[in-house]
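So for the sequence shown, numbering that gives the first Met the number 0 puts the first residue at 0; every next one is plus one.
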Amino acid sequence: MMSIGEPQHAFPQFVSDVLRAHEKDYGKYPPIIGTTPFRDAAAGWLARRYNLPPEVLEPDARILPVNGTREALFNLALVACPTEKASKQPAVLMPNPFYQCYASAAIAAGAEPHYIAATAENGFLPDFETLDSDLLARTAMIYFCSPANPQGTVAPLDYLKRLISLAREHDITLVIDECYADIYDRDEPPGGLQAALELAVPKSGDVFENIIVFHSLSKRSNLPGLRTGFCAGDKALINRFRAFRNIAAPQTPLPVLAAATACWNDDAHSAENRARYQVKNDIAERIIGNRYGFYRPAGGFFLWLDVGDGVAVTKQLWADAGLKVLPGGYLARDDATLPDGNPGARFIRLALVQDEKTVEEALTRLTNVLS
């Protein structure tokens with residue numbers, strides 16, 4: 000199965016050890032803000048990973064644990080979207096294709112989702128800067144993902160800086176989903192907080208004004224079932240989100256926080272995990288070569304292959320090779336301005352989450368069927 004981005008690598012052994020050591024804490028209500036060791040571990044990882052000055056992170060004020068980032072990405076829209084902006088229904092912008100949670104969040108918050116094309120022609124990086132000024136004036140939020148799902152694109156630092164500047168100019172909450180940050184092929188993807196520190200400090204004095212980033216252990220540590228992550232950034236927004244979560248969101252259990260703390264404090268297991276994905280990129284490059292628009296994903300673990308008709312090829316691969324993939328069109332919305340309408344229609348997405356031998360077998364079957 001290559002249709003779902005569920006990591007199949009083993010999670011670190013110490014996770015089980017920590018959970019057992021803290022099992023009595025399941026009998027306690029956890030605080031919504033988590034624990035000091037957890038917030039410190041998240042801040043420490045951010046500082047190491049993005050070369051940030053530790054003092055700017057203020058973990059007690061800027062970092063908030065979440066129950067896996069999907070619920071928090073959704074719930075944030077309920078906090079950040081006003082009922083009106085510029086005397087109109089607020090808009091929420093997102094790439095197209097996109098993680099489906101973004102659109103659901105916009106609709107639940109009473110906003111109008113707008114899908115901004117991320118195609119090969121623009122390097123799979125949506126061009127938010129050229130949007131109509133009236134649309135930007137009523138935009139309440141931008142969801143952005145780097146490394147991107149499904150294309151594996153990494154936004155350069157300059158792109159992130161321009162996106163932050165745009166958000167501040169129009170008073171937009173910029174939500175950067177960085178859940179694949181530690182899975183990259185060659186170069187470390189830059190991050191939103193890192194980019195913000197290269198810009199002038201806003202008048203508010205908050206270096207992370209208008210920005211909130213999300214991180215998770217689902218991909219980094221192969222723990223999708225633990226449901227743990229964190230968000231960090233704009234101090235005022237984090238405070239509002241904390242107040243919302245204190246009455247309307249689940250806390251993270253204390254044993255889970257302890258295990259997550261150990262994971263954020265350890266980079267060795269993440270490096271080993273990343274190396275395995277790099278090997279699988281090697282396998283894909285060797286087997287697929289220059290067919291189907293193949294390129295090594297700069298980040299994440301998905302292949303985004305141009306096969307002409309994503310739905311038809313998905314059915315063909317299942318019928319002829321017993322191989323499950325995802326039609327790219329299912330991850331996108333129709334766009335009348337594009338030649339193919341739906342920017343994902345020509346593509347299939349493959350998740351390289353199985354072991355190396357299985358990935359090699361699957362990609363061999365794929366090329367045999369499609370050739």
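Idealized CB from N, CA, C, for every residue including glycine.
Legend entry - Residue environment, D319, which counts as buried when at least 16 other CB atoms sit within 10 Å: exposed
Legend entry - Three or more C-beta pairs below 8 angstroms linking the region 134-141 and the region 83-90: yes
Inset, instruction - Give me whichever residues DSSP pairs with W317 in a beta bridge. - result: Per DSSP, none; premise fails for W317.
Legend entry - Under 8 angstroms between C-beta atoms of A195 and I175: Contact flag unset, no.
Legend entry - DSSP three-state assignment for L196, whether helix, strand or coil: coil
Legend entry - Residue span of the beta strand (DSSP E) that contains R348, given as start and end: Element bounds for R348: F346 to A350.
Inset, instruction - With DSSP as the reference, please indicate the residues paired to V91 in a beta bridge. - result: P112 and M140
Legend entry - Nearest neighbour of V312, chosen from N367, A180 and R295 [CA to CA]: N367
Legend entry - C-beta contact flag for L330 and P96 at 8 angstroms: Going by C-beta atoms, L330 is nearer than 8 angstroms to P96.
Legend entry - Three-state secondary structure assigned by DSSP to D305: D305: strand per DSSP, three-state reduction.
Inset, instruction - Return yes when the Cβ of G298 is within less than 8 angstroms of the Cβ of I182, no when it is not. - result: yes
Legend entry - Simplified DSSP assignment, three categories, for A41: helix
Legend entry - Per DSSP, cross-strand counterpart(s) of L63: C230
Inset, instruction - Rounded to whole angstroms, what's the CA-CA distance from P146 to R185? Just pull it up for me. - result: Their Cα atoms are separated by approximately 13 angstroms.
Inset, instruction - Output the residue ranges of the alpha helix (DSSP H) runs that lie fully inside the region 125-193 and measure 4 residues or longer, sorted by chain position. - result: 132-136 and 156-168
Inset, instruction - Assign G328 to one of three DSSP states: helix, strand, or coil. - result: helix
Inset, instruction - Answer with buried or exposed for N238, where buried requires no fewer than 16 other C-beta atoms within 10 angstroms of its C-beta. - result: By the C-beta density criterion, N238 is exposed, having fewer than 16 other C-beta atoms within 10 angstroms.
Legend entry - Where the alpha helix (DSSP H) through H21 begins and ends: Taken as a continuous stretch (DSSP letters only), H21 belongs to no alpha helix (DSSP H), as it is neither H nor E.
Legend entry - Proximity winner among L236, T118, K218 and L216, relative to D205 (alpha-carbon distances): L236
Legend entry - Rounded separation between L159 and G190 - CA only: 8 angstroms
Inset, instruction - Give me the Cβ distance between G151 and F301, rounded to the nearest whole Å; I'm assuming they're in contact under 8 angstroms. - result: Beta-carbon to beta-carbon, G151 and F301 are separated by about 6 angstroms, close enough to satisfy the 8 angstroms threshold.
Inset, instruction - State the start and end residues of the unbroken beta strand (DSSP E) segment that holds I211. - result: I210 to S215
Legend entry - Segment contact flag, the region 122-136 with the region 98-107, C-beta cutoff 8 angstroms, min 3 pairs: no
Legend entry - Buried versus exposed call for K279 [16 or more other C-beta atoms within 10 Å across all chains shown]: Looking at its Cβ environment, which holds 16 or more other Cβ atoms inside 10 Å, K279 is buried.
Inset, instruction - Output the distance between the C-alpha atoms of P254 and N264, rounded to the nearest integer angstrom. - result: 16 angstroms
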